[in-house]
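> In the numbering used here, the protein residues as written are 5 to 136.
Shown next, in the form of structure tokens:
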């Protein structure tokens, strides 16, 4: 009975692990989805990756139910989880770079203004010394 239950869980884990690849269907069909739907779809993909990995690990830990399906499901889920983590870190880094670029630009503008002010002040002092 328990082996049958774990076998059903392993098949479900494999299906859930492969489900995030459904994201590629609109890409191949050149369908553009609205922003809200893409956000929901991304959340569902992350949830599927995590659930598939947890279910696969449960099945692989049990020596009696360990099979090729469980191992493949675990590998797929682990690779997708690493991909999701990489995308999250890249997006976080890019948003940080945007603010860094903004700060760098405003700093360069401020430096330019300060240099211009300094040149004006030095020019006025030079003129006053020359006129004397």
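Glycine residues also receive a C-beta, built at the ideal position from the N, C-alpha and C atoms. Note that this is a predicted model, so its numbers are computed, not measured.
In terms of residue numbering, what span does the alpha helix (DSSP H) encompassing residue 21 cover?
As a first step, residue 21 is located in the chain shown; it is residue number 17 there, counting from the start. From DSSP, the alpha helix (DSSP H) with residue 21 extends over 6-22.
> Does the region 31-45 come into contact with the region 69-82, if we say contact requires no fewer than three beta-carbon pairs (one atom in each stretch) closer than 8 angstroms?
No contact exists between the region 31-45 and the region 69-82.
> According to DSSP, is residue 88 part of a helix, a strand, or is it coil?
Locating residue 88 in the chain shown gives position 84, counting from the first residue. Here residue 88 sits in helix by DSSP.
> Take residue 64 and list the residues in its own chain whose beta-carbon comes closer than 7 angstroms to its own, dropping the five residues that flank it on each side.
The residue you call residue 64 lines up with position 60 of the chain shown. Answer for residue 64: 70, 74, 75 and 78, listed in chain order.
> Does the distance from the C-beta atom of residue 81 to that of residue 46 stay below 9 angstroms?
Taking the chain shown and counting its residues from 1, one reaches residue 81 at position 77. Taking the chain shown and counting its residues from 1, one reaches residue 46 at position 42. No, the pair does not count as a contact, with Cβ atoms beyond the cut-off.
> Three-state secondary structure (DSSP) at residue 34?
In the chain shown, counting from the first residue as 1, residue 34 sits at position 30. Coil.
> For residue 14, is the classification buried or exposed, using 16 other Cβ atoms within 10 angstroms of its Cβ as the cut-off for buried?
Mapped onto the chain shown, residue 14 falls at position 10. The residue is buried, with at least 16 neighbouring Cβ atoms inside 10 Å.
> How many whole angstroms separate the CB atoms of residue 84 and residue 24, which I take to be in contact at a CB cut-off of 8 angstroms?
Numbered from 1 along the chain shown, position 80 holds the residue referred to as residue 84. Numbered from 1 along the chain shown, position 20 holds the residue referred to as residue 24. With a Cβ gap of about 6 angstroms, residue 84 and residue 24 count as contacting.
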